[in-house]
Structures are given as structure tokens and as C-alpha cells.
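Mapped onto the working numbering, the consecutive letters of the sequence shown carry residue numbers 10 to 895.
Glycine is no exception: its CB is placed at the ideal position from the N, C-alpha and C atoms.
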Amino acid sequence: MHILVIIGRPVCDNNTCVHGKCIEVSQSEFRCDCTGTLYTGERCHRGLILVPDIGELSFRETFDLQITTAVPNETFTLALRESCTSGGGGLFVQPCQVKFGPSSTTATSTIIGGFPGIYYLNFNVKGPSATDFEVPPPVAVIVRSGRSPYYFTKLDSPYVYNSCCELEESQMPLLKCESNPRASVQFTSSCSWESLGSSGWKTSGIIFSNYNNLSLPVSVAGIEMSKRDSSLSLNVPATKQFQKCERHCNGVLKELSDDEKCYEYMPTTEDLSEFASKQSLTETFLAEAQLKLLPKWLKLIVPDDSNALKKLVEADYRVSIASETEVLQLVGCESLLLDKTGQFSVLLHNGPLGIDISTSTLNTEQQSLSAPNKGSFYCIAVDLCSGDASPLYLSVPQLIQKDIVRISFLNKFIRKGWSFKMQSFIFWENFVKINDVPTFYYWNGLTHNYELPMQESDVKIKMASTGLFSYGETNVSFSFDGNVSYKYTLKRSDADDMLSFGEYSLKVTTKLHGKHESLSLQNVSSSAFIHFQDPVTFSCSTGAIPSGISFKLSYRVESTDGFFFNFFQLPYDTSHCPIDMFMNLNSLQEMNGLSFYSNCLELVYDSLVLGMLSHKFYIPMDSNTLCIDPRDFTNYFPTPSSFGLWVQSSLFPSHLSYYQLNPLFKLQPGKDRITVSLGFSGFANEKVGLLHSVEIAVLDGIFESPIILRDKELSFTGSTVIFNNEFYLAELKGASPTTTSWKQMMISIDGWFPRSDDRFLVRLEGSIRQHLRNIANRARMRLGTANDEVSAASDGVMAAATALGDAQSQFTIAEQEYKQRLSSKNRLESELVEAEEVLQNATGELKMAEEAIADLCEIETCTRMCVSTSRPQIVTEDVYKTETVT
Numbered sequence: 010m011h012i013l014v015i016i017g018r019p020v021c022d023n024n025t026c027v028h029g030k031c032i033e034v035s036q037s038e039f040r041c042d043c044t045g046t047l048y049t050g051e052r053c054h055r056g057l058i059l060v061p062d063i064g065e066l067s068f069r070e071t072f073d074l075q076i077t078t079a080v081p082n083e084t085f086t087l088a089l090r091e092s093c094t095s096g097g098g099g100l101f102v103q104p105c106q107v108k109f110g111p112s113s114t115t116a117t118s119t120i121i122g123g124f125p126g127i128y129y130l131n132f133n134v135k136g137p138s139a140t141d142f143e144v145p146p147p148v149a150v151i152v153r154s155g156r157s158p159y160y161f162t163k164l165d166s167p168y169v170y171n172s173c174c175e176l177e178e179s180q181m182p183l184l185k186c187e188s189n190p191r192a193s194v195q196f197t198s199s200c201s202w203e204s205l206g207s208s209g210w211k212t213s214g215i216i217f218s219n220y221n222n223l224s225l226p227v228s229v230a231g232i233e234m235s236k237r238d239s240s241l242s243l244n245v246p247a248t249k250q251f252q253k254c255e256r257h258c259n260g261v262l263k264e265l266s267d268d269e270k271c272y273e274y275m276p277t278t279e280d281l282s283e284f285a286s287k288q289s290l291t292e293t294f295l296a297e298a299q300l301k302l303l304p305k306w307l308k309l310i311v312p313d314d315s316n317a318l319k320k321l322v323e324a325d326y327r328v329s330i331a332s333e334t335e336v337l338q339l340v341g342c343e344s345l346l347l348d349k350t351g352q353f354s355v356l357l358h359n360g361p362l363g364i365d366i367s368t369s370t371l372n373t374e375q376q377s378l379s380a381p382n383k384g385s386f387y388c389i390a391v392d393l394c395s396g397d398a399s400p401l402y403l404s405v406p407q408l409i410q411k412d413i414v415r416i417s418f419l420n421k422f423i424r425k426g427w428s429f430k431m432q433s434f435i436f437w438e439n440f441v442k443i444n445d446v447p448t449f450y451y452w453n454g455l456t457h458n459y460e461l462p463m464q465e466s467d468v469k470i471k472m473a474s475t476g477l478f479s480y481g482e483t484n485v486s487f488s489f490d491g492n493v494s495y496k497y498t499l500k501r502s503d504a505d506d507m508l509s510f511g512e513y514s515l516k517v518t519t520k521l522h523g524k525h526e527s528l529s530l531q532n533v534s535s536s537a538f539i540h541f542q543d544p545v546t547f548s549c550s551t552g553a554i555p556s557g558i559s560f561k562l563s564y565r566v567e568s569t570d571g572f573f574f575n576f577f578q579l580p581y582d583t584s585h586c587p588i589d590m591f592m593n594l595n596s597l598q599e600m601n602g603l604s605f606y607s608n609c610l611e612l613v614y615d616s617l618v619l620g621m622l623s624h625k626f627y628i629p630m631d632s633n634t635l636c637i638d639p640r641d642f643t644n645y646f647p648t649p650s651s652f653g654l655w656v657q658s659s660l661f662p663s664h665l666s667y668y669q670l671n672p673l674f675k676l677q678p679g680k681d682r683i684t685v686s687l688g689f690s691g692f693a694n695e696k697v698g699l700l701h702s703v704e705i706a707v708l709d710g711i712f713e714s715p716i717i718l719r720d721k722e723l724s725f726t727g728s729t730v731i732f733n734n735e736f737y738l739a740e741l742k743g744a745s746p747t748t749t750s751w752k753q754m755m756i757s758i759d760g761w762f763p764r765s766d767d768r769f770l771v772r773l774e775g776s777i778r779q780h781l782r783n784i785a786n787r788a789r790m791r792l793g794t795a796n797d798e799v800s801a802a803s804d805g806v807m808a809a810a811t812a813l814g815d816a817q818s819q820f821t822i823a824e825q826e827y828k829q830r831l832s833s834k835n836r837l838e839s840e841l842v843e844a845e846e847v848l849q850n851a852t853g854e855l856k857m858a859e860e861a862i863a864d865l866c867e868i869e870t871c872t873r874m875c876v877s878t879s880r881p882q883i884v885t886e887d888v889y890k891t892e893t894v895t
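Dropping the structure here:
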């Protein structure tokens, strides 16, 4: 890892390496060399604690465990088990804690075997310097019982076999699958299950998981299973002592035999030793994967490992079952390429692996992958909830890269300067369709466009790669970091098609017009189509063209990208143009060219600007220039290395039959529909253009061989028939002014005219006059058309004026009616206000009248009918008063 710093003084003046030595890589980069320090990390800042392997112990056998550490800045203490206060059980550790400091970097603890079983030293670091050190991984120890192993006595095989004792779902829901909520992964053991109440179950047998026709080993040393949310926690106790296997398991227990694959059996400690030495967990796991999950062209093999017992870890006896998030947190699985959610069975393998790759139907290539360093693993995962439809996921330790790149297909690239870093793989037994993949147009070299859609794959690789190439004055650096999907084929007559998604970087330095030009693309996120095929023959070549890998990268040219504007320009009012770039390698893994394609940019040749063209431009990287034929440029660029860049332009859109360059010149599609070619010298300020098929109006003929453009002059060096007359053979030369339209041009003709010069001149004069007449006639026709259009427009204007007058009259009438109605509305509103005031006054008077009547009825001394004015015809109660006369 290189580290960038700000340039000012030597980068190692302030040594930012915590330990080790600072090494200057460049004026702005340095790296830290941790050699001999037992420190690791980018800045040598993480200390290592080295704990030797133990393996097996007999009863009362002792083992002196000598531990070595990097030199700490202060002291720290290493505990060899989680609790030093509890009893030792079957494994005794004396002392249980050891202390280290700046002057003491080694310590010894004695390990003593006790009761038979499998035990783990789980380390813990504490003290002032604890945070500077990495905690060592657990160390497994087997204490043997002294009995002979039995499991493999009758079975001459490294595998363990499925068991019969089921943990019933009705008693405890186990592993539910989100993809199918009604389904769950079932677990079986070779021993009975003991309930732990609401927390789970435990068993001392050999455990398998079973779902959808896929049976994978879970543990060969017993296990405790606890329910946690929708997933499982699998634990082997720190002091695993073997208990009796109860003889009750739903009545389906069978004795172990060589013809039964469903049985009752409790492993002994001696069996555990054999399981570890034979790597039975890995063997059984990969055997099922090979049968159900891996493509037929690939085999994963478990070689013998003489050190298997000496480097025991918990992963030698059980897998992990985890969600996709938890998987990526396991040691060795950080770079695993998981393309789906699920519940995964994860095997961590710390031994060597073998790979067999079928290179044809008859031949196989074998490759060995070394055992990882201590604390590192091969990570192999399967989605339990997919059953036998699951892919197999594999990630490899980084130190194994040297073994992977020995694979012949990759090694061909390594020898040519490529570097690869393979991080993880996904394998499918059957081809998997890739959704939403666009149809890519593969462009081999420069000439051929044809569709090669990629729709399926059987392997996906997470990787990074870099390629360095040079040819003449051109240097190319190409890098990729992402995922590659690949369909492997055994038939070399078929193409190997790959599709990559990730970030690309490309840097090209080449010479144009005698000076160096650079094109740099950094971290372009894109998808690239990759195509490989053995040599095939194309129509543009007399022999076989070495085909190979072609990377397609799409990006866009901005107005600030100076490289392309040596020969192109952006269209008016356009800020960018899309471009497809192809990097082509031949079947020898050598780069034979960089190709570019655009139908947006405008081609510029001095003052001549050509639009309505699609462009293919090419930087040669090999003397074999594929379908590029430089013979037309021979007098100017005799070899491919003379070219700094070469451009071919065709009519765009493709259905166009010509491009009118100016009133005299009409460009037509030439051979392979190429209209214009430009060659740029790599060494001199020189460029040459070719107009492949040109019709010159006044000569009434088509020049099929290229007309050469050079120094604002054009020349036709061959002879051609003009005026459709075989006796008129001519050569052509001309000069163009410095205008973008080339409307003015001086043309001289040199040729053979057997019917006398006068007759030729008469024909030429007549042709020019006829051409002018044609121009005039076309102008008259355009003028007549324009007059008709003007007349029609005038009629339309008059009709519109009449309609406008009518509309104005109607508007005036409507406006008057509106004013009248508005006046009437205002008058009615005034009357309404007056009526409301009258009503209000009348209401007041009525109220006063009612009150007066009421008063009158109360004091009247004679019989009287009182009538309410507010309620006519309603008679109130008569009121009588009797006067007393004295």
C-alpha cells in the first residue's frame, strides 16, 4: 500500500510509520516496511501475538506453550482462557495469564491434558498496550481418551454421513427462510437431542442441515443450538466433554455400517483426531457442493495436510450459520461476493485446496492453492434457504494470489505484464441469466460492428487487475476493480464472453504531431463487455486476424478534454459527447490497438469541419493493425508505427446516401461505407486526409479512389473516367481557401484527351454551364416554391385580417352589452339596499305597535277584543276589570 502526502520536503522526514522503516516510493508517496518487527498494517501499527499450535494431548501429557509478541510500548497481559477463576475441567493451563512489556516479549504457559474432549484456548488482551495488539484466534486442543478410533473402521472414506435423529420443528422452530416463510431448514444428528428449555437444544453427535435436496455437515463434534430472532447461534462449549448418546431418537436410530447412510453414533476424541487429520468437515461439505452446486468444468479438491492436527481451530469441527451481514464479519469472508440475502452455511478452511479446471472435453488442468497463514481462511458459503439451487461462494486469502495466477489462462496475461488480485468467486452449476444487460456492440479493431449480447454466466469474480502496454511512442496503463461475470466454454471455436461491472482507469500517453499528448480517465464507473475467441478470419483481411480480449468502456468527452480536440470539436451549443472506447488484445494477450467510436463529435481538418458523420479512431499498438489498411497512406506513413492516430468516418445516420460538402463536392460512402479517413503522424506536424468516394458536379464523374487532402490542397493521383466518357482520363489537383465551407476552390486537371483539347474544353465549358443552369433552375424552383408559399401566406394573412375584424366587432358589441348589464346590476343593488332599509324601519315600527297593544290590553276597563297587528285574526284573552263605586 502506497500512501500519498503533500509535496514539500522528503516524505520520510517525518516518519509516520509507528514501527518499522519508512521507504520513499516517489516524491509524494511512501510505504512502511514492517520486516522483523512483528508489527503489521499500513503504518506498522498493529502488534502480533504468536501462539504455537498444540493439536493433541494424552491424559496428563504436558505441552510448553511459548508465546512471542512484538515489542510493546508499555505492558499488557494475555489471558489464555475467558475465566481464570473457574476450574480447568479437562484442560489445565498454568499459568492462566502471562505478562509482556518492552523488555519481555516471550512467555511460557504449560498446558496439561485432563478429561477426554475438545477444548479451546480463547484469548483476551488487557493492559495499557492492549489496544495496540491483535487478539490471537482461539486454539483448539484435543485430549484423547486412549481408545481406538471407530468411525472410519468400516468406512474407507474421508467423509461423514447424514444422520437420522431429527430436531422436530414442532418442538422448536429452527431456521426460517424469508424466501419461503413456510419452509425451514431441518437439522439431524447421529445422537439424540437434549432440550435446554426455551433457550435451545444440544447434541453430542454429527449434525447435518437438510433443505431442498441439499444436505451439508454442520458439526462433527456436537453442538449447542440457540434460537435468536430468525437465525441460529451455534456454539461449541469451551470445555466440550463428551456425554452419552441416549438411545432414543423417534425410533429411527440405526447402527453405523458400510451400507447405511443414516445412523446412530457419538464421536470419540480419537474420532475427532481423525476428522481433523482427514479434514472430514471440508471433504464432506465440498463433496455435496461438487455434486449439487459446482459447474461441471470445475472441481475443488482437499489435498492431504500433514499439519492439520497441529493447527486445530474451532472451524475444523463446525460451520457457521449466519445472515449475509454476519457472514461478511467472519475472518476470511470480508471480501465475499454475496449477490442475495439468505441464511448461509459458512465453512472456514485453513488447509490447502486443489483446483481442477477442464480445458477441453478431454484435458484437465490441475492447480494447487497453498494453505493460508495462521488466522486466515478460505471462506466457502452456501445459502441454505436455496437448497441445491444455491450458488457456491468462495473467497481466497490474499497471500494465495501467487497460486491462482499460475492457472494457464491467467498466466498468459501475467507474462504479458498484467497483474491480478482475485478476491472472491461465485459458481453456479447451471447458467444464470443476467437481467437488464444491454446489447453491446463489439468492435474488433476498427471495422466490424456486430451484436454479442451476454445473457448468462456460471461464474462471477470479484477482482482487481492492471495491464501495462507499450508500442513505439505510446504507453497505456489500464486498471479495473469490480465484478466479472463469465460463461466458461470448453469449445475453443466458441467465444468466451464476459461482462464486467466496476471502476475503470485508463491512461494513454502517445505522440501526435511530434509532441506528447495524454488521455486520462480515473475511476470511471461503467460496465464493459469482454470477448475472447481464437483466431478467425474477417472479410477485410486475406489471412487470420488474431482475435482476443476486447474491453468496451463508455464515457463522455467534456469541453475540457484536450486530447480529442487535436482532431475533433464539440457541436455548437453542446457541452459533451458520448464515446465508446475499445481496448483490444490479440490471442497472445498483446494489445493491438485502442479504438474509439463517436457519432457526436465533429471532425476537423484545418478549416474544414465535417458534421453528420460517425467516427472510428484508432491508436495502433501493434504492427498487425487488424482491419486498418494503411496502403493509401504509404507515401506519408509507411508503417503502422508512423501513425499517431488514424480516423475513419462514415455517414450518420447510416441511411444517408451522401454528404454535400459544398456546391461542387458530394461525399459518398466508399468501401466499407467509409467516407473520410485521416492519418495523424506521431513524429511530425503532419496529417493526411482521404476522401474515399467523391462526386464532382462539373466533371460529371465519381472519384472512387481516395482524393488526398494535405496542406490545404487536394489531389487525385490516379486516373478516372470523367463526363462518363472512357476517352477522358484525368488526374485532379486543387487548393482550398481558409474558409470552413470550402465554397471557393481552384482546380487543375491533367489528363489524356484524344478528341483534342478544344473538344474537351467545349465539354467542360458545357458541363459548367449545365451545372450553373441546374443551380439556377433549382434556385428558380425554390423561388417559385417560395413565391407560392408567400402567396399562400398572404392569403392567409388577409383571411386572418378579416377574421380579426369580425372578432373585433363582436368584441365591441359584447363590451357594450357588458357595460349595460353592469349598470343594471349596480341599479338593482341600490334598490336592494333601499328595500332592506325600509324593511328594517318597518320591523322597528311593528315592534313598537305590538308593545303598545300589549300595554293597552292590560289597562282597558271594558270588554274588548285585542288584536295583535303582528298576528292578524288571532284573538287574545279578554281582560275585564270591575270598578267599585263608593
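Selected residue, minimal CA-CA separation from residue i, among the options
i    : options                   : result
V613 : Y581, I588, N593 and N575 : N575
I758 : N783, S584 and T729       : T729
S466 : S486, S428, L508 and Q432 : L508
L610 : P580, S632, S377 and M592 : P580
L403 : G426, E374 and L347       : L347
F429 : I330, G491, G679 and A816 : G491
S488 : F478, S494, A473 and T684 : A473
I120 : K108, E175, I76 and N82   : I76
P782 : G793, G760, V707 and I756 : Residue 782 is actually Arg in this sequence, not Pro. Checked all of G793, G760, V707 and I756; the closest Cα to R782 is V707.
Length of the line joining the Cα atoms of residue i and residue j
i    : j    : result
D313 : K320 : 14 Å
L87  : H358 : 26 Å
G155 : K496 : 52 Å
T870 : E859 : Low local confidence applies: a pLDDT of 42 at T870 is under 50, so the model's placement there is unreliable, with the coordinate-based value given in what follows. Going from the Cα of T870 to the Cα of E859 covers about 19 Å.
Y564 : Y220 : 46 Å
G231 : F68  : 21 Å
G122 : D73  : 12 Å
L262 : Y170 : Confidence in L262 is poor, its pLDDT being 40 and thus under 50, which makes the residue's placement unreliable; the coordinate value appears in the next sentence. Those two C-alpha atoms are separated by around 14 Å.
V144 : F440 : 42 Å
A851 : S839 : 19 Å
N259 : S166 : Since pLDDT at N259 reaches only 46, below the 50 mark, its modelled position is unreliable, and the value read off the structure follows with that caveat. Their backbone Cα atoms lie some 28 Å apart in a straight line.
Counterpart residues of residue i in DSSP-defined beta bridges
i    : result
I32  : R40
T49  : R55
D412 : Paired residue(s): none; D412 is not in a bridge.
Y668 : L676
Q195 : N219
I588 : Y564
Other residues of its chain near residue i: CB distance less than 6 Å, five sequence neighbours each side excluded
i    : result
P158 : E279, D280 and E283
G691 : E482, K520 and G653
F689 : L521, G653, L654 and K696
F572 : E526 and L528
G523 : F692, A693 and N694
Sequence-distant residues of its chain with Cβ nearer than 7 Å to residue i (five each side left out)
i    : result
Y168 : S289, E292, T293 and A296
L912 : The requested residue 912 does not occur in the structure, where the chain is confined to residues 10 to 895.
S344 : S404, Q432, S433 and K471
D238 : Below a pLDDT of 50, predicted positions are generally treated as unreliable, and D238, at 45, falls in that range; no measurement from the model is reported.
F161 : E283
T46  : H28, G29, C53 and A79
S415 : The sequence shown places Arg at residue 415, rather than the Ser named in the question. Taken in chain order, the residues that qualify are Q376.
Neighbourhood of residue i by C-beta, 8 Å cutoff - its chain only, sequence neighbours within 5 removed
i    : result
A247 : Below a pLDDT of 50, predicted positions are generally treated as unreliable, and A247, at 42, falls in that range; no measurement from the model is reported.
L393 : L184, C186, V194, S218, Y220, L223, L225, I330, G351, Q352, F353, S354 and S399
L408 : S379, P381, N382 and S385
query: Can at least three beta-carbon pairs, one atom from the region 54-70 and one from the region 140-156, be found at a separation below 8 Å?
result: Yes, they touch.
- prompt: Does the count of Cβ pairs from the region 273-281 and the region 202-209 closer than 8 Å reach three?
  reply: With a cut-off of 8 Å, the region 202-209 and the region 273-281 do not count as touching, because too few Cβ pairs lie within range.
query: Given 8 Å as the limit, is there contact between the region 368-379 and the region 328-344, that is, 3 or more CB pairs closer than that?
result: Under the three-pair Cβ rule at 8 Å, the region 368-379 does not count as touching the region 328-344.
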